[in-house]
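In this note's numbering, the protein residues as written are 107 to 540. Glycine is no exception: its CB is placed at the ideal position from the N, C-alpha and C atoms. Accompanying notes for the structure given below.
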């Protein structure tokens, strides 16, 4: 019985060592006592994040010398001084001074009772670190005013690698045409690794805002824009959202670059609101407005021709113009092209294309397509088709006979006139002699 009692006491004594060693703790070789042991103290942990006192940073794997700020509160009844912090982070994080260096920081000043103080460490982030939440531990050494000795506090916390958001803006079609309404699509993309949310896009310095600005920033106030503000919600990493608007550009901006400032407001992965500015650039082209009219088929110098005219009612010349005639339906007119060079504004440009048949000539109605091909100021090729029906007559055969008859009649008339003149003259001479 005595042996059993001694054995039971021995087991109970050893169990205290077993359970004490089972807790994960930092020994005296690290931060001293276990970070899980808590007593009432003078400091309390509030927050830990990558960034400075005034701003939280989005960070990604591979970033170097990144500030890491720990926010603490002096909850004691006395001011504290000599504040020094030491940071313990998981594998993949190291001090910016080198992998084997201790990550430490000092507070800039004393901390008054009831006030917050900040410890800013500088950390290198390994390339293999993932975007997720990680645990950390901070040790804070400090002294109370008018008290000798150093007090120590330990705090466990969680922090996260957020990734970085990279916001870019571009116009899907960067060309506008003057003197007409343009439908514009602008792409807002997040090319980074962190999501952004509650995204608001606003076009700045428009006519509606010009009254509140003393000086124009760009020339966007000279155009008419129907909508200038969009709520597009969340943009995930490596994704994009589109905003659409209608813009009317006056003739005065032809050949200029239109710079549209865009303000983007969003919340980052920390939940912090940011506002950034971007510029969407557009080039304003001239307006080419072509019409084809007076299309007909005529006979000219024993050749049948398709004629017509082209008028440009825009504000810019069409360049390198060609006119092509192609048959439609059962027409057997061969395709033919004529070069007409520049198509100037407010000046009709005629064209005349000989008619050639594929096989035997067929007269009467022919369905054809007349296509005007030209280039604008940015050398973009444009096609203007025009479908019509022309009537092709047979070539007239009596013209040669009439010409031959004319050639025979005229000399005969001349001979008769000369003969009559000679007869009358001879008669007059006989009368005088008698």
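Membership of residue 465 in any beta strand (DSSP E) is not indicated, and neither H nor E is assigned to it by DSSP.
Distances from the CA of residue 429 to each of 452, 397, 293 and 282 were compared; the closest alpha carbon is that of 397. The criterion of a C-beta distance shorter than 7 Å is not satisfied by residue 247 and residue 218.
Selection 232, 165, 245 and 483 evaluated against residue 421 yields 483 as nearest (Cα-Cα). Counting of Cβ neighbours within 10 angstroms places residue 260 among the buried residues, the total reaching 16 or more.
With contacts defined by Cβ atoms closer than 7 Å, residue 225 and residue 291 do not form a contacting pair.
Three or more beta-carbon pairs separated by less than 8 Å are not found between the region 354-369 and the region 149-162, which leaves the two stretches without contact. Sorting 199, 251, 176 and 426 by C-alpha distance to the C-alpha of residue 223 places 176 at the top. Between residue 426 and the set 480, 287 and 160, the nearest pair of CA atoms involves 480. Residue pairing by DSSP places residue 487 opposite 481 in a beta bridge. Separation of residue 376 and residue 279 (C-alpha to C-alpha, rounded to the nearest whole angstrom) is 34 Å. Distance between residue 463 and residue 471, taken at the CA atoms: about 13 Å. The residue among 243, 301, 335 and 344 with its C-alpha nearest the C-alpha of residue 350 is 335. Counted as a single uninterrupted DSSP element, the stretch harbouring residue 329 is not any beta strand (DSSP E), since DSSP gives it neither H nor E. Here the C-alpha atom of residue 211 lies approximately 29 Å from the C-alpha atom of residue 299.
Sequence-distant Cβ neighbours of residue 174 in its own chain, meaning closer than 6 Å and more than five residues away, are 156, 227 and 229. Cβ-Cβ distances below 7 Å link residue 274 to 295 and 297 in the same chain, with the five nearest sequence neighbours on each side left out; the list follows chain order. Beta-bridge annotation (DSSP): residue 386 is paired with 366. Under the 10 Å beta carbon count, residue 447 is surrounded by fewer than 16 other beta carbons and is classified as exposed. C-alpha of residue 263 to C-alpha of residue 197: approximately 16 Å in a straight line.
For residue 357, the secondary structure class from DSSP, reduced to helix, strand or coil, is helix. Within the DSSP secondary-structure output, residue 177 pairs in a beta bridge with 153 and 224. By the C-beta criterion, the region 435-450 is judged not to be in contact with the region 380-393, since fewer than 3 inter-stretch pairs fall below 8 Å. DSSP places residue 241 within a strand segment (E or B) once states are collapsed to three. In this structure, DSSP gives residue 307 an extended state, which the three-state scheme calls strand.
When DSSP reads this structure, residue 201 sits in a beta bridge with 204 and 229. For residue 308, the closest alpha carbon among the candidates 372, 255 and 283 is that of 372. The beta carbon of residue 303 lies closer than 6 Å to those of 340 and 373 in the same chain, with the five residues before and after it left out.
In the structure shown, residue 403 adopts extended strand secondary structure according to DSSP, grouped into three states.
By the neighbour-count criterion, in which 16 or more other beta carbons inside 10 Å mark a residue as buried, residue 204 falls on the exposed side. Residue pairing by DSSP places residue 274 opposite 295 in a beta bridge. Listed in chain order, the non-local C-beta contacts of residue 180 below 7 Å within the same chain comprise 148, 149, 186, 217, 218, 219, 220, 221 and 223, local neighbours out to five positions each way being set aside. For residue 268 against residue 231, the beta-carbon gap comes to about 11 Å, at or over 8 Å, which does not count as contact. Taking all protein chains in view, the Cβ of residue 445 is surrounded by fewer than 16 other Cβ atoms within 10 Å, so the residue is classified as exposed. The continuous beta strand (DSSP E) containing residue 264 extends over residues 257-266. The DSSP-derived three-state label of residue 218 is coil.
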